[in-house]
Each structure stands twice: as structure tokens, then as C-alpha cells.
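Residue numbers for the sequence shown follow the working numbering, beginning at 547 and rising by one. Even glycine gets a Cβ: it sits at the ideal position worked out from N, Cα and C.
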Amino acid sequence: MKKPKNLRVFTKSKRDGRKIVMLTAYDLTSALIAREGSVDALLVGDSVGMVVLGHENTLPVTIEDMVHHCAAVTRSRPGLPVIADMPYGSFHVSPGETVRHAIRLVKEGGASAVKVEGGRRRGPVIEALLAAEIPVMGHIGLTPQSIHKLGGFKVQGRGHGAADLMLDEAVFLEEIGCFSIVVECVPASLARRISEQVNIPTIGIGAGPDCDGQILVFHDLLGLFEGIRPKFVKRYAELGQQAVEAVRRYSEDVRSGAFPAAEHCFSDENAHPESTLSNTSEAEPTHSSPPELDEEHGYLTSCDNGEQG
Ligand code: KIV
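Quick look at the structure:
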């Protein structure tokens, strides 16, 4: 079993010149895939709003949504630091209310840290979070929660003035006590300057190769989301297409009678209840619970092992 990682992986990796690999996760399945794929840390991003919940952008995501998805990720016990996004509206309030929201992400969601979009103007709430012992990851550059102000999903920090301002934001976030900063959608040369200037690790997305680490959205990396396809995404698989093909075959099989076949059916000959598990999986622990007798209805609750009703 791999040694569990905690937030110290950020500091140690920057010190040792090792790249930090991050991926978003929104539930048990994505968290375990990311862990098995050897990432260093997980972000429960508010991108959940777009790739899972069907919103057009991240603005409608609520603290309830984030707690729900964060808890699903941490229940998988990934053995990795899990950082939860503070959704829009949850930290644009008083520092006290911000801390109450973040505490929910830690207590109910099991997060080890939170991420807050914005630089200098977030000073008071970041200070309050840190005073409540909640580590904070900053996020500068293209901050999707500001799309109305920014006028859309556009590259940020182009030109000397804008670049200097962003560098200043990064230095501010380091000085105030953030343990790391996401740098999104900025010219690679600016991301390099920022990464050289600050001592905390920068995690890039659309920010070139010189950040201390990289992050991608789970669904983008796997080709599971067709909505927006930013230039900075590299697709490592086309699982969406494969999934459609698999479901199409299932539909055909049901309509033609090819599924379920004999090997998927139970006989009524057995005096003893058969296992609902296939022979191969029987010996292996699975995520599903064993069938249990429902006292009230007198049948086995997880999948039919005998007669129902
Ligand atoms: O919400 C998210 O997934 C993010 C990452 C893309 C950095 O903020």
C-alpha cells in the first residue's frame, strides 16, 4: 500500500524540485481513479457545477453542493490531501461567515484545505480562514467565478502592467500565508516569473510548463465532457465515446434478447441461496455491501437472491 500523503507534499515537492500532480475529483469513483493514477493531491473543484451538475458556469454552485461532493471524495479514503473549492458567494461575505462555510467543508466534507479565488482583495477572509487553522490555496489569473467581470474565459496577465499586477498578487498570497497558488490561463512566461519569485508552489492550468505543478479537470483529461474544450487541455483518453458505444451495445442486446444471457440469471433449483456475485468477484472484496435480509419485507435487499415480495 502506498504511503498516505498530506499537505506537506506541496512544500516538499517545491523544495526538492519535484512536479506536483493534481486532478479534480467529485466522488468516490473519480477519487479512486485519480489515486490509482498516482496523483499527489485532489481538488474538489467548483467545476463540479459544469461537468457534473449541468450548470453553464460555476456561479450557481452552493456550499451544500461542495460539502456533498467533498464528503463523497473523502469517504473513498484516497490517502491524499483533498482541497475543497469555496464556491461563489461563500466567501464574498463577512470573514466570520466565510469561516463558518469553510468549517463545513472541513468537518462535514473532510477537506484538508480550501481554495479561494482572487488575490489581494481576499486578504481579510484568507486571514480569518488561517486563524481558524484552515490552510488556504490561492487562485489567480483566470478566476472562473469572475467571468462576468472579466468578460468571459480569457487569458489574463498579458502586457507588462497586467503581468506586474499579477506577480504582486502572487507575492501577497504567499506573504499572507497561502500554502500554494493555482495560476490559471496566463502566458507561460508570466507563470514562470511567478513560480521563480514565490517560495510556495504554483499549480498551473493553462499556464505553461514552468509552474511547480499542474492540475486538470478529471472529465477533460478523460474526454468525458464535451461542453467547453479549452486549448490548454490535453485529453489522455476518449472515454465519453467509449461509454456511448458501450451503452449502445447494451441497448441493442436488450432489444435483441442477447442480454441477460444464461450466465446472468439465477435458477430456482438451489436449496441454499446463491451468491449474487459472479465467481470471479466472489473472492474479492467489493464496494457493494453483502445482501441483507429486509425484516419487514422478507427479501434480500441488495439484488435478488431469492424471491421478492
Ligand atoms: O474548479 C476547478 O476545477 C478549478 C481548477 C480547474 C483549478 O478551480
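Under a Cβ-count criterion, where at least 16 other Cβ atoms within 10 Å of its own Cβ denotes burial, should residue i be classed as buried or exposed?
{"i": "Ala783", "result": "exposed"}
{"i": "Gly707", "result": "exposed"}
{"i": "Lys560", "result": "buried"}
{"i": "Val597", "result": "buried"}
{"i": "Arg581", "result": "buried"}
{"i": "Ser622", "result": "buried"}
{"i": "Pro670", "result": "exposed"}
{"i": "Phe499", "result": "The requested residue 499 does not occur in the structure, where the chain is confined to residues 547 to 855."}
{"i": "Gly664", "result": "buried"}
{"i": "Gly591", "result": "buried"}
{"i": "Gln691", "result": "buried"}
{"i": "Glu730", "result": "buried"}
{"i": "Arg795", "result": "exposed"}
{"i": "Asp573", "result": "buried"}
{"i": "Val628", "result": "buried"}
{"i": "His647", "result": "buried"}
{"i": "Phe805", "result": "exposed"}
{"i": "Cys757", "result": "buried"}
{"i": "Ser636", "result": "buried"}
{"i": "Gly872", "result": "Residue 872 cannot be examined here, being either before or after the span of the chain that is shown, 547 to 855."}
{"i": "Gly752", "result": "buried"}
{"i": "Gly563", "result": "exposed"}
{"i": "Gly750", "result": "buried"}
{"i": "Asp814", "result": "exposed"}
{"i": "Thr832", "result": "For Thr832, the predicted structure reports a pLDDT of 41, less than 50, and the residue's modelled location is therefore unreliable. A value from the coordinates is still provided. Flag for Thr832 reads exposed."}
Flag this pair as yes or no: are the beta carbons of residue i and residue j separated by less than 7 Å?
{"i": "Gly703", "j": "Val732", "result": "yes"}
{"i": "Gly655", "j": "Cys616", "result": "yes"}
{"i": "Val660", "j": "Leu651", "result": "yes"}
{"i": "Leu768", "j": "Gly723", "result": "no"}
{"i": "Leu626", "j": "Lys549", "result": "no"}
{"i": "Glu720", "j": "Ile686", "result": "no"}
{"i": "Ala630", "j": "Ala657", "result": "yes"}
{"i": "Val682", "j": "Ile693", "result": "no"}
{"i": "Phe764", "j": "Ser576", "result": "yes"}
Pop quiz: residue i and residue j are said to be a contact at Cβ under 8 Å. What is the actual Cβ separation, rounded to whole angstroms?
{"i": "Val645", "j": "Ala674", "result": "5 Å"}
{"i": "Arg666", "j": "Phe718", "result": "5 Å"}
{"i": "Gln743", "j": "Ala709", "result": "Contact flag wrong, Cβ pair sits at about 11 Å."}
{"i": "Ile761", "j": "Val728", "result": "7 Å"}
{"i": "Lys624", "j": "Val607", "result": "Per the sequence presented here, residue 624 reads as Pro, with Lys not at that position. With a Cβ gap of about 21 Å, Pro624 and Val607 do not count as contacting."}
{"i": "Gly754", "j": "Ala734", "result": "3 Å"}
{"i": "Leu688", "j": "Lys700", "result": "7 Å"}
I want to see whether chain D comes within less than 7 Å of residue i, judged by CB atoms only; does it?
{"i": "Leu719", "result": "The chain inventory of the structure shown lacks chain D, comprising one protein chain alone."}
Does the stretch 730–739 touch the stretch 547–565, meaning 3 or more C-beta pairs lie closer than 8 Å?
-> Proximity of the stretch 547–565 to the stretch 730–739 falls short of the contact definition, fewer than three beta-carbon pairs being nearer than 8 Å.
Are the stretch 586–597 and the stretch 763–774 in contact at 8 Å, needing three or more beta carbon pairs?
-> Proximity of the stretch 586–597 to the stretch 763–774 meets the contact definition, three or more beta-carbon pairs being nearer than 8 Å.
Evaluate contact between the stretch 799–812 and the stretch 598–615, counting only Cβ atoms and requiring at least three cross-stretch pairs below 8 Å.
-> No, the stretch 799–812 is not in contact with the stretch 598–615.
Count the C-beta pairs between the stretch 582–589 and the stretch 563–573 that are closer than 8 Å, then say yes if the count reaches three, no if not.
-> Here the stretch 582–589 lies against the stretch 563–573, with 3 or more beta-carbon pairs under 8 Å apart.
What does the shell around the ligand KIV hold, if a residue joins when its beta-carbon is under 7 Å from any heavy atom?
-> Working through the chain, the matches are Thr570, Leu589, Gly591, Asp592, Ser593, Thr604, Asp631, Lys661, His685, Pro690, Val728, Glu730, Ile751, Ile761 and Val763.
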